[in-house]
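Below is one structure, written out as structure tokens; the observations come after it.
There are 2 protein chains.
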Amino acid sequence: MSAVEWSNLFARRVSRARVSAIREIFKLTQVPGIISFAGGMPAPETFPADALRAAAGRLLQDGGERALQYSTTEGFVPLRSFIAAQLSRQGIPATESNILITTGSQQGMDLISKVFLDPGDRVVVERPTFSAALQVFTSYQATCAGADTDEQGVIVSRLEAAIGAGAKFMYIQPNFQNPAGITLALDRRRQLVALAERRGVPIVEDDPYRELRYSGEDLPSLMALDVQQRPATSAGDSLGGSRVIRLGTFSKTLAPGLRLGWIAAAHPVISQLVIAKQAADLHTSIFDQMLAHEVVKDGFLETHVPYLQQTYRLRRDAMLAAAPRCFPQGVRWTEPQGGFFVWVTLPGNLDAAALLEQAVRAGIAYVPGVTFFAEDGRPPLPNTMRLNFSFCAPAVIEEGIQRLGRVVAQGLEEQE
Amino acid sequence: MSAVEWSNLFARRVSRARVSAIREIFKLTQVPGIISFAGGMPAPETFPADALRAAAGRLLQDGGERALQYSTTEGFVPLRSFIAAQLSRQGIPATESNILITTGSQQGMDLISKVFLDPGDRVVVERPTFSAALQVFTSYQATCAGADTDEQGVIVSRLEAAIGAGAKFMYIQPNFQNPAGITLALDRRRQLVALAERRGVPIVEDDPYRELRYSGEDLPSLMALDVQQRPATSAGDSLGGSRVIRLGTFSKTLAPGLRLGWIAAAHPVISQLVIAKQAADLHTSIFDQMLAHEVVKDGFLETHVPYLQQTYRLRRDAMLAAAPRCFPQGVRWTEPQGGFFVWVTLPGNLDAAALLEQAVRAGIAYVPGVTFFAEDGRPPLPNTMRLNFSFCAPAVIEEGIQRLGRVVAQGLEEQE
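Listed below in structure tokens is the structure:
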């Protein structure tokens, strides 16, 4: 059977799916000697391998029957309770019944899309926004509309404009956003929650980096602000009434290879997500769930997260210190308070995508910013790029920014 | 936000999704003292916990960087090569590039549905068929049409009739089918592959139980028969030309809790599935993939599979030995050569679903057969039930069939 014959059988939505540009660039940057700011990977030397090894030994020592058998779609109850307790300390009165364990946050986005999106539905996103989110939403044939951001995060009046006649939900990363590294200011968080209420549009709050703050003070999540303004909870559902669906992950605090994420939401949403997940993969690896729980249950994160913050703070600081020394005049960049990414804007109309080939030849890689814009009729900003600082050691970051500075300078010269 | 407000936002397909009846019955049967033939779980005492513990120790001893980091969507290359080599020994000349690792076979069905199914598309299934497959296909708003089966498996002329004006694919479990325990005879396999070719309809061959054969001889898979009849393979794709998409799993040979399955197919299909999987969950737990590979790579299955066969053979034999002693006259049942299930047909119009409550009160549970029929306008067979024999020890199976025999006898008396 030929490729053409197969493609005649594929669903209509398949023609709209596209391979993530980032993952294709990943391949390009596997060349030895290249310093890659293109990925979004945690520092592997921070992975808690010893704690996981000890936990695996304990879980499997008496047969491991529970850790290896089929399990429930909702997820391992003690892990769900752990997450609910964590949320409660953050002002979100969740119980275990508000939590669904997912195969990474990516699956969280996919399940939410499956439950909410019909072809032609509108999703409102930030401009720029997380490219994998765009990929998921468009794979369900939704249209995405972007709302402008600045250093204070997304501009709420632009979100309202993007909602237009209506939208299924708004997708927001409030903290150290991927790709721009920006954090939504407190007053905007309040405005955003009020907007959701006024227009009846739920918020999907994707918050993978929350624990990884290196400076500034924790801000209340959109879900916390939303539930605080509501009257006493409806019977048995402590998030009943909330318009926010919150996504979290262990990919940044433990290890991404385990694929452990979660969704917190009111019961009517969790119920539908469970049905969708049952069809999607029955349940997330119960072995990995129990492993993570075994590691975190006795306060491990209370020392591990500060260690991660310290590690990544040094890397962020290395990048932010090198930038003004190495970048030509006119280059601007964000100063993230946490997370993994800095967003760079080049002067004038210098095209970051066109510059990438030269950059790779000079031994430095990044992701061109155009990847992070919804196809909503407005042009993306071609003079932008995303730089990752979590993966490389500080000295490597310094060297990488030097290389990138030279490439940009040369690009500017050639342009003149 | 109320449940009604939420449901107004759900996608149209959500209204068609239904909770798997089997999983709801699972909950019912967790009552202590009940013997459950309702599940489909492997015997947990067979899980290779020691081998997995040793493997986990090795993987994590020097930082486990690879096992814990983000990885490729396609899956761990050595595990894909292992599966390809296994297929090659079964007459399928696959290479690693024909294999995609999935988060259990369930995800395989979901991804195939996402790639192929538009609303209103037709999928041809067996009658009865695996209920979770029906659930996935209908969640993509496909319609399923059932083709009758007998002790030799699905009747190929009925499949052709069910295709009608066209179908996106046929979904077939060739070996020890769930739920009926039947195996597709060799001549029918050949006819089925010829039918696929003649009508241009691909076959999705789901074969989770292949290794678990307790009597009779291995038969070539549909994919093996399909590739054998084709001319030399197309450039670089050793399954190029094949109309069969094959699903396999480690859930039955290692442990289901790890959620490790795979799809084998020609490159054009694998490429689309990879795009779909990237959006679905980025990749399957690389830790679990490496763990499974570490256990199986040096011939472990060559002793473990015979041990599983011996364990389950005793359980099947216990059920088949008890049935003629305990069941009233007129009850019929299949005699599976492998797998996990026996299919029982009650006399006349005795309704297995209606009998379930009495059965649970008598301390025995099963799945009513109606769960396993496509909603294609033809009535399901209400006098059928699926019995699982993999989970309980032989003595418990004997006791369970005694209880079930009494319940059926009483049901027949009450009917008179």
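Chains A and B are the protein sequences, given in the same order.
Reminder that position 192 of the first sequence reads as 179 in this note's numbering, one-by-one numbering, no gaps.
Reminder that position 359 of the second sequence reads as 346 in this note's numbering, one-by-one numbering, no gaps.
Even glycine gets a Cβ: it sits at the ideal position worked out from N, Cα and C.
Going along the chain, which residues of its own chain have a beta-carbon closer than 8 angstroms to the beta-carbon of residue i, five neighbours each way excluded?
{"i": "B:H254", "result": "S84, N85, G223, D224, L226, G227"}
{"i": "A:R0", "result": "P106, S126, Y127, Q128"}
{"i": "B:R3", "result": "Because the pLDDT at B:R3 is just 49, under 50, the model does not fix this residue reliably, and the point stays unresolved."}
{"i": "A:D268", "result": "T90, Q94"}
{"i": "A:Q56", "result": "I273"}
{"i": "A:P35", "result": "L241, A242, V282, F287, H291"}
With 16 as the cutoff for other CB atoms within 10 Å, does residue i come out buried or exposed?
{"i": "B:T125", "result": "buried"}
{"i": "A:G244", "result": "buried"}
{"i": "A:L104", "result": "buried"}
{"i": "B:G140", "result": "buried"}
{"i": "A:Q316", "result": "exposed"}
{"i": "A:S144", "result": "exposed"}
{"i": "B:S(-11)", "result": "exposed"}
{"i": "A:P293", "result": "exposed"}
{"i": "A:R197", "result": "buried"}
{"i": "B:A352", "result": "buried"}
{"i": "B:L173", "result": "exposed"}
{"i": "A:R40", "result": "buried"}
{"i": "A:E403", "result": "exposed"}
{"i": "A:V(-9)", "result": "exposed"}
{"i": "A:Q335", "result": "In the sequence as presented, Gln is not what sits at residue 335 of chain A; that position holds Gly. Exposed: under 16 other Cβ atoms inside 10 Å."}
{"i": "B:G26", "result": "buried"}
What does residue i reach in chain B if we use C-beta pairs closer than 8 angstroms?
{"i": "A:K155", "result": "L(-4)"}
{"i": "A:S208", "result": "Chain B residues near A:S208: none, gap ~17 angstroms exceeds 8 angstroms."}
{"i": "A:A181", "result": "Per Cβ cutoff of 8 angstroms: no residues; A:A181 is ~14 angstroms from chain B at best."}
First and last residue of the alpha helix (DSSP H) that includes residue i?
{"i": "B:I150", "result": "143 to 150"}
{"i": "B:A36", "result": "36 to 47"}
{"i": "B:L179", "result": "173 to 186"}
{"i": "A:F124", "result": "118 to 126"}
{"i": "B:A72", "result": "64 to 76"}
Starting from the beta carbon of residue i, find every residue of chain B whose beta carbon is closer than 7 angstroms, and list them in chain order.
{"i": "A:M28", "result": "Q56, Y57"}
Please list, in chain order, the chain A residues whose beta carbon lies closer than 9 angstroms to that of residue i.
{"i": "B:P189", "result": "M(-12), W(-7), L(-4)"}
{"i": "B:S229", "result": "M(-12)"}
{"i": "B:F103", "result": "L(-4), F(-3), A(-2), V1"}
{"i": "B:D97", "result": "A266, A267, D268"}
{"i": "B:R40", "result": "A43, G44, L46, L47, Q48, G51"}
{"i": "B:P195", "result": "Within chain A, no residue comes near B:P195; the closest Cβ sits about 12 angstroms away, beyond 9 angstroms."}
Please list the terminal residues of the continuous beta strand (DSSP E) segment that includes residue i.
{"i": "A:R434", "result": "No information on residue 434 of chain A is available, as it lies outside the stretch -12 to 403 that chain A covers here."}
{"i": "B:R109", "result": "109 to 114"}
{"i": "B:L295", "result": "Here B:L295 belongs to no beta strand (DSSP E); instead the alpha helix (DSSP H) covers 287 to 313."}
{"i": "A:N(-5)", "result": "Unbroken run through A:N(-5) is the alpha helix (DSSP H), -10 to -4; no beta strand (DSSP E)."}
{"i": "B:L87", "result": "86 to 89"}
{"i": "B:R373", "result": "371 to 375"}
{"i": "A:V318", "result": "Note, A:V318: premise wrong, no beta strand (DSSP E); not H, not E."}
{"i": "A:E192", "result": "190 to 193"}
Kindly list the residues whose CB is nearer than 6 angstroms to the CB of residue i, restricted to its own chain and excluding five residues on each side of it in sequence; keep chain order.
{"i": "A:E404", "result": "No answer is possible for residue 404 of chain A: it lies beyond the span of chain A, which begins at -12 and ends at 403."}
{"i": "A:C313", "result": "I388, Q389, G392"}
{"i": "A:T82", "result": "A71, S225"}
{"i": "B:G398", "result": "L337, L342"}
Less than 7 angstroms between C-beta atoms, sequence neighbours within five positions excluded: which residues of the same chain meet that for residue i?
{"i": "B:W(-7)", "result": "none"}
{"i": "A:S58", "result": "H270, I273"}
{"i": "B:A30", "result": "T298, S377, F378"}
{"i": "B:D78", "result": "It is worth fixing the name first, because residue 78 of chain B is Gly in this sequence and not Asp. For B:G78, where only same-chain residues beyond five positions count, the Cβ hits under 7 angstroms are P207, A211, Q215."}
{"i": "A:V261", "result": "T60, E61, L87"}
{"i": "A:V383", "result": "I22"}
Give the residues of chain A in contact with residue i, contact being defined as C-beta atoms less than 8 angstroms apart.
{"i": "B:E32", "result": "G50, E52"}
{"i": "B:A222", "result": "Neighbours of B:A222 on chain A: none; closest Cβ ~11 angstroms, over 8 angstroms."}
{"i": "B:A396", "result": "Within chain A, no residue comes near B:A396; the closest Cβ sits about 32 angstroms away, beyond 8 angstroms."}
Can you pull the chain B residues whose beta carbon is under 9 angstroms from the beta carbon of residue i, in chain order?
{"i": "A:A167", "result": "None at all; the shortest Cβ gap to chain B is about 21 angstroms."}
Practice problem: Residues of the region 48 to 75 of chain A with a CB closer than 9 angstroms to any CB of chain B: list them in chain order, please. | Solution: Per Cβ criterion, the list reads Q48, D49, G50, G51, E52, R53, A54, L55, Q56, Y57, S58, T59, T60.
Practice problem: Give, in chain order, every residue of the region 77 to 95 of chain B whose Cβ lies closer than 7 angstroms to some Cβ of chain A. | Solution: T90, G91, Q93, Q94
Exercise. May I ask you to list, following chain order, the residues of the region 259 to 275 of chain A that have a beta carbon less than 9 angstroms from some beta carbon of chain B?
Key: Q259, V261, I262, A263, Q265, A266, A267, D268, L269, H270, T271, S272, I273, F274, D275
Practice problem: Taking a Cβ distance cut-off of 7 angstroms, strictly less, list which residues of the region 109 to 134 of chain A are near chain B, in chain order. | Solution: Q122, V123, S126
Quiz prompt | Contact list for the region 242 to 257 of chain A against chain B, Cβ threshold 8 angstroms | solution = Legend: CB atoms of the region 242 to 257 of chain A lying less than 8 angstroms from CB atoms of chain B belong to residues A242, P243, G244, L245, R246, A253, H254, P255, V256.
Quiz prompt | Contact residues within the region 321 to 355 of chain A, judged by C-beta distance below 8 angstroms to chain B | solution = Result list empty, no residue passes.
Practice problem: Return the residues of the region 306 to 321 of chain B that lie within a Cβ-Cβ distance of less than 8 angstroms from chain A, sorted by chain order. | Solution: none
Quiz prompt | Residues in the region 354 to 385 of chain A having any Cβ partner in chain B nearer than 8 angstroms | solution = none
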